[in-house]
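Residue numbers for the sequence shown follow the numbering used here, beginning at 355 and rising by one.
Note that the Cβ used here is the ideal one computed from N, Cα and C, for glycine as well.
Since we're looking at a predicted model, the values are computed, not measured.
Reviewing the structure listed below.
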Amino acid sequence: MENCIFCKIINGEIPSNKVYEDEKVLAFKDINPIAPVHILVIPKKHYESIIDIQDNEMEIVAHIHKIINKIADDMNFKEDGFRIVNNCGENAGQEVKHIHYHIIGGKTLNWP
Ligand code: 5GP
Ligand code: ZN
Numbered sequence: 355m356e357n358c359i360f361c362k363i364i365n366g367e368i369p370s371n372k373v374y375e376d377e378k379v380l381a382f383k384d385i386n387p388i389a390p391v392h393i394l395v396i397p398k399k400h401y402e403s404i405i406d407i408q409d410n411e412m413e414i415v416a417h418i419h420k421i422i423n424k425i426a427d428d429m430n431f432k433e434d435g436f437r438i439v440n441n442c443g444e445n446a447g448q449e450v451k452h453i454h455y456h457i458i459g460g461k462t463l464n465w466p
């Protein structure tokens, strides 16, 4: 997708600090972390948000969750707990229009 910053990260036009990659997803450190752990997990296929993922494509969402589990395990923050955030659309303040799941942790988090 032209002019999508996360597609540019996927194709290497923009550098990123990668923590995991396979044929379907990429995970990298957020450029502006709000906690000691702040990782973004994105599908390599461009979708603006969850509302653009068709019913028959939903396995990518399960895959992303599986990889979040693996990253939490590999990076040793699984036992401490963490938060998964997906901002969808304007009211949620979604800034980058390529679906992404934030993994946030490494400290006690307030809610909301
Ligand atoms: P949103 O508000 O859309 O859910 O979150 C977008 C996130 O992407 C923000 O946390 C922001 O810091 C991060 N971000 C934006 N541009 C870049 C970039 O070029 N590289 C990285 N690593 N993160 C980015
Ligand atoms: Zn994109």
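DSSP three-state label for residue i, please.
| i | result |
| --- | --- |
| residue 432 | coil |
| residue 372 | strand |
| residue 378 | coil |
Does the beta carbon of residue i fall short of 7 angstroms from some heavy atom of ligand 2?
| i | result |
| --- | --- |
| residue 361 | yes |
| residue 358 | yes |
| residue 452 | yes |
| residue 400 | yes |
So the candidates are the options; which of them puts its Cα closest to the Cα of residue i?
| i | options | result |
| --- | --- | --- |
| residue 383 | 449, 416, 457 | 457 |
| residue 397 | 365, 388, 386, 428 | 365 |
| residue 420 | 361, 362, 374 | 374 |
| residue 407 | 459, 460, 452 | 452 |
| residue 459 | 412, 422, 434, 442 | 434 |
Flag residue i as yes when its Cβ comes closer than 7 angstroms to any non-hydrogen atom of ligand 1, and as no otherwise.
| i | result |
| --- | --- |
| residue 409 | no |
| residue 377 | no |
| residue 428 | no |
| residue 372 | no |
How do the stretch 403 to 412 and the stretch 377 to 395 stand: do at least 3 beta-carbon pairs fall below 8 angstroms, yes or no? no
Residue ranges of each beta strand (DSSP E) run of no fewer than 3 residues wholly in the stretch 388 to 466, ordered along the chain? 391 to 397, 436 to 439, 455 to 459
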